[in-house]
Amino acid sequence: MNIYVLLKKTFDTEESISVSGGRIDESGAEFIINPYDEYAVEEAIQQRDKHGGTVTVVTIGDEDSEKQLRTALAMGADDAVLIDTSDDLDEGDQFTTAKILEKFFEDKEVDLILAGNVAIDEASGQVGPRLAERLNMPFITTIVKLDIEGEVAKIEKDVEGDLEKIEVSLPVLVTCQQGLNEPRYTSLPGIMKAKKKPLEQLELDDLDLDEDDVEAKTATISIFLPPKKQAGRILAGETGEQVKELVSLLSNEAKVI
Amino acid sequence: MSEKILVIGELQQGVLRKVSYETIAAAKQVNADAVILALVLGDGDLQQPAEEMIHYGANRVITVSHANLSNYTSEGYGQVIMEVMQEENPSGIIMGHTSVGKDVTPKIASRLELGLISDAVAIEKEDDQVIFTRPIYSGKAFEKKVMKDDGLLFATIRPNNISALEHDASRTGEIIAKEVDVKDLRTIVQEVIRKKTEGVDLSEAKIVIAGGRGVKSAEGFNALYELANLLGGAVGASRGACDANYCDYSLQIGQTGKVVTPDLYIAVGISGAIQHMAGMSNSKVIVAINSDEEANIFKMADYGIVGDLFEVLPLFIEELKLQGALVS
Chain A
1 MNIYVLLKKT
11 FDTEESISVS
21 GGRIDESGAE
31 FIINPYDEYA
41 VEEAIQQRDK
51 HGGTVTVVTI
61 GDEDSEKQLR
71 TALAMGADDA
81 VLIDTSDDLD
91 EGDQFTTAKI
101 LEKFFEDKEV
111 DLILAGNVAI
121 DEASGQVGPR
131 LAERLNMPFI
141 TTIVKLDIEG
151 EVAKIEKDVE
161 GDLEKIEVSL
171 PVLVTCQQGL
181 NEPRYTSLPG
191 IMKAKKKPLE
201 QLELDDLDLD
211 EDDVEAKTAT
221 ISIFLPPKKQ
231 AGRILAGETG
241 EQVKELVSLL
251 SNEAKVI
Chain B
1 MSEKILVIGE
11 LQQGVLRKVS
21 YETIAAAKQV
31 NADAVILALV
41 LGDGDLQQPA
51 EEMIHYGANR
61 VITVSHANLS
71 NYTSEGYGQV
81 IMEVMQEENP
91 SGIIMGHTSV
101 GKDVTPKIAS
111 RLELGLISDA
121 VAIEKEDDQV
131 IFTRPIYSGK
141 AFEKKVMKDD
151 GLLFATIRPN
161 NISALEHDAS
171 RTGEIIAKEV
181 DVKDLRTIVQ
191 EVIRKKTEGV
201 DLSEAKIVIA
211 GGRGVKSAEG
221 FNALYELANL
231 LGGAVGASRG
241 ACDANYCDYS
251 LQIGQTGKVV
261 TPDLYIAVGI
271 SGAIQHMAGM
281 SNSKVIVAIN
291 SDEEANIFKM
301 ADYGIVGDLF
311 EVLPLFIEEL
321 KLQGALVS
């Protein structure tokens, strides 16, 4: 089976966010594999181990994205592709990303594409479905179980807490939700092996694309932090009195009950 | 001719989701003079939800009923929405940022090579430019976005952030039942297993009572359910409580769970890990109940009670009953 994983480099979840010059300040920040994409990498490896084939991890980013790709290779992926757009693009959006990926996949034989259900930075959740549509492939988002039998994928999808059992024909694109699996940690031998695994680097040119072809359809005009929360009130006194005060504050001051 | 904006009335077990009404209000914020065209999809008689959309401000409603629309699939809904768009040629489309909205809108945007601004929490207008505010980095920051072209405006809105217009049963409008042959689906929904808690939907609840590890057991959550019932709210949980099997993952709020923005969020026995905060930090009023006065959640809370939740919750419930407090 030819299995592909779409991977995105994101801020570490623990990072605090600051804005400078109208952009998120990335200086000195730690970057990780988008947590939802880790489920995708893990699932891809498990499916390959069950059905054979190869797992190729693809990312669009800059040269630093190699680190996250190497991590995926250390987990057990076979190949990695870095589409480095840092020289060609200043701004992009989900249209841009999907268009580049569409071109990348144009000449590929694909059975299964896995992606995270959402990236924790921009959180659009658009890229997977957008790409599937361009490739004329069905897609199922927020999956929590995947069984492949021949040309059919039996999928369980999380629908805001409810569960749907779905059958879909291959090739298919799925986006992964928490609960699908437990991503493995990278082992030292895995890390050593990953250094020798192939990592292909491409630029827009290599995909016969230029900047105009992938020009974003939306623009960010400002980025700002939410207003700092005023320090709250810790109530005092006997528990019974605190509770009475809380009920009164919620109904009279905050007017929420 | 005035501008036409398409909104989708999303049915959940035959009942319209609240966010469907909010899309009408959002469309009015985009253009107060716009004709609001609503599309309601499902299987069966859709007259009543269509009328409801009109009572909440839609001018015209198209209903499409088909056996292949009884369960949502991106292919089925995609076919219908695209057909309606072709016929009606709206200048904008707005949907709720729900499981369905998140799934089908990028498909349509991709097919038609359109931009899409998802998960908007506010809409403003400046010199005729429509500006959407949306959270990024799990709500730790916000961005303002615009569509770059003059073409079709396409957005999903987060439930509970844009107030619906007032319900007015005297509002009238045209309802058209449209036939669409929904076919060639590669995706078949075999079964839907309802796991959600009874009553109020977590992502749309005005009041959320969430429990953490401090609740200590599944039984411990009973008091939270009692409180939620009393206040007409929904129960949620931190990842810690879900990992410990105190409750189902469907209740999890946080970076890898649901994002909620209720009017009132009561965090019970939750320490306030940064990943949890990402899912609830934009709640309007936050109450924290925790025995550890150092707990991070107190930094976020508007009101805090340092105390044993097993003592506080019963007193809280009793006090509410005593005062006959109701959800406003």
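Residue numbers (the working numbering), protein chains in the order written: chain A, 1 to 257; chain B, 1 to 328.
The beta carbon of each residue, even a glycine, is placed where N, CA and C say it ideally should be.
Exposed unless 16 or more other CB atoms sit within 10 angstroms - verdict on residue i
i	result
ASP84 of chain A	buried
GLU52 of chain B	buried
THR172 of chain B	exposed
TYR21 of chain B	buried
TYR185 of chain A	exposed
ARG194 of chain B	exposed
GLY76 of chain B	buried
GLU191 of chain B	exposed
PRO262 of chain B	buried
VAL104 of chain B	buried
LYS102 of chain B	buried
GLU26 of chain A	exposed
GLU126 of chain B	exposed
VAL15 of chain B	exposed
SER2 of chain B	exposed
GLY257 of chain B	buried
GLY128 of chain A	buried
PRO189 of chain A	exposed
LYS228 of chain A	exposed
GLN242 of chain A	buried
Contacts of residue i in chain A (Cβ-Cβ under 7 Å)
i	result
VAL306 of chain B	ILE234
GLN323 of chain B	VAL247
Residue j beta carbon less than 9 Å from that of residue i
i	j	result
ALA98 of chain A	SER110 of chain B	yes
ILE286 of chain B	ASP302 of chain B	yes
THR175 of chain A	VAL118 of chain A	yes
ILE221 of chain A	VAL121 of chain B	no
ILE136 of chain B	ILE24 of chain A	yes
LEU69 of chain A	LEU7 of chain A	yes
GLU143 of chain B	THR133 of chain B	yes
ILE3 of chain A	VAL55 of chain A	yes
VAL40 of chain B	ILE81 of chain B	no
TYR265 of chain B	ILE207 of chain B	yes
LYS244 of chain A	GLU319 of chain B	yes
ALA223 of chain B	LEU116 of chain B	no
LEU77 of chain A	LYS197 of chain A	Checking the sequence, you will find Ala at residue 77 of chain A rather than Leu. Closer than 9 Å, so yes.
ARG213 of chain B	GLY272 of chain B	no
Per-residue contacts from residue i into chain B (C-beta, under 7 Å)
i	result
ALA72 of chain A	Those do not exist, as ALA72 of chain A stays about 19 Å from chain B at its closest Cβ, beyond 7 Å.
GLY240 of chain A	LEU315
PRO35 of chain A	THR256
PRO183 of chain A	What PRO183 of chain A touches in chain B: nothing, since even the nearest Cβ is about 12 Å away.
ALA98 of chain A	SER110
Under 8 Å from the C-beta of residue i: neighbouring residues of chain A
i	result
THR187 of chain B	PRO138, ILE140, ILE166, GLU167 and VAL168
VAL287 of chain B	LEU246 and LEU250
ALA141 of chain B	ILE17, VAL19, ILE24, ILE223, PHE224, LEU225 and PRO226
VAL312 of chain B	THR239, GLN242 and VAL243
LYS145 of chain B	THR218, ALA219, THR220 and ILE221
PHE298 of chain B	GLY232 and ILE234
Cβ distance (whole Å) where residue i is taken to contact residue j below 8 Å
i	j	result
MET85 of chain B	LEU6 of chain B	7 Å
LYS18 of chain B	GLU204 of chain B	5 Å
PHE95 of chain A	ALA219 of chain A	About 12 Å separates the two Cβ atoms, so there is no contact after all.
LEU69 of chain B	VAL235 of chain B	Between VAL235 of chain B and LEU69 of chain B the Cβ distance is about 31 Å, and since that is not below 8 Å, they are no contact.
TYR246 of chain B	SER283 of chain B	With a Cβ gap of about 21 Å, TYR246 of chain B and SER283 of chain B do not count as contacting.
LEU249 of chain A	PHE104 of chain A	That pair is no contact at about 56 Å.
GLY232 of chain B	VAL200 of chain B	7 Å
Contacts that residue i makes with chain B (C-beta to C-beta distance below 8 Å)
i	result
GLU160 of chain A	THR98, SER99, LYS196, ASP201, LEU202, SER203, SER250 and LYS258
GLY116 of chain A	Within 8 Å Cβ-Cβ: nothing; GLY116 of chain A doesn't reach chain B, min ~10 Å.
GLY125 of chain A	LYS102, PRO106 and SER118
GLY179 of chain A	TYR249
VAL41 of chain A	Correct list: empty, because the minimum Cβ distance to chain B is about 16 Å.
Within chain A, the residues that residue i reaches when beta carbons sit closer than 9 Å
i	result
ILE94 of chain B	Near ILE94 of chain B there are no residues of chain A at all, since even the closest Cβ is about 15 Å away, more than 9 Å.
LYS107 of chain B	PRO129, ARG130, ALA132, GLU133 and PHE139
ASP181 of chain B	Here the premise fails: no neighbours, minimum Cβ distance about 19 Å.
Within chain B, partners of residue i - CB distance below 9 Å
i	result
GLN94 of chain A	PRO106, ALA109, SER110, GLY115, LEU116 and SER118
GLU14 of chain A	ILE274 and GLN275
ILE120 of chain A	TYR137, SER138, GLN255, THR256 and ALA278
Distance cut-off 8 Å: residue i Cβ against heavy atoms of the ligand FAD
i	result
GLU238 of chain A	Absent from the structure shown: the ligand FAD. Ligands present: none.
Worksheet item: Counting only runs that start and end within the region 218-271 of chain B, where is the alpha helix (DSSP H) found for 4 or more residues in a row?
Response: 222-231 and 239-243
Worksheet item: Taking only runs of the alpha helix (DSSP H) that begin and end inside the region 58-124 of chain B, which ones reach a length of at least 4 residues, in chain order?
Response: 74-88 and 99-111
Worksheet entry | 4-residue-minimum alpha helix (DSSP H) runs that sit fully inside the region 112-145 of chain A, ordered along the chain | 127-134
Fill in: Runs of beta strand (DSSP E) wholly within the region 129-157 of chain B (minimum 3 residues, chain order)
129-136, 141-147 and 153-157
Worksheet item: Enumerated in chain order, which unbroken segments of the alpha helix (DSSP H) with a length of 4 residues or greater are wholly contained in the region 5-57 of chain B?
Response: 18-30 and 47-55
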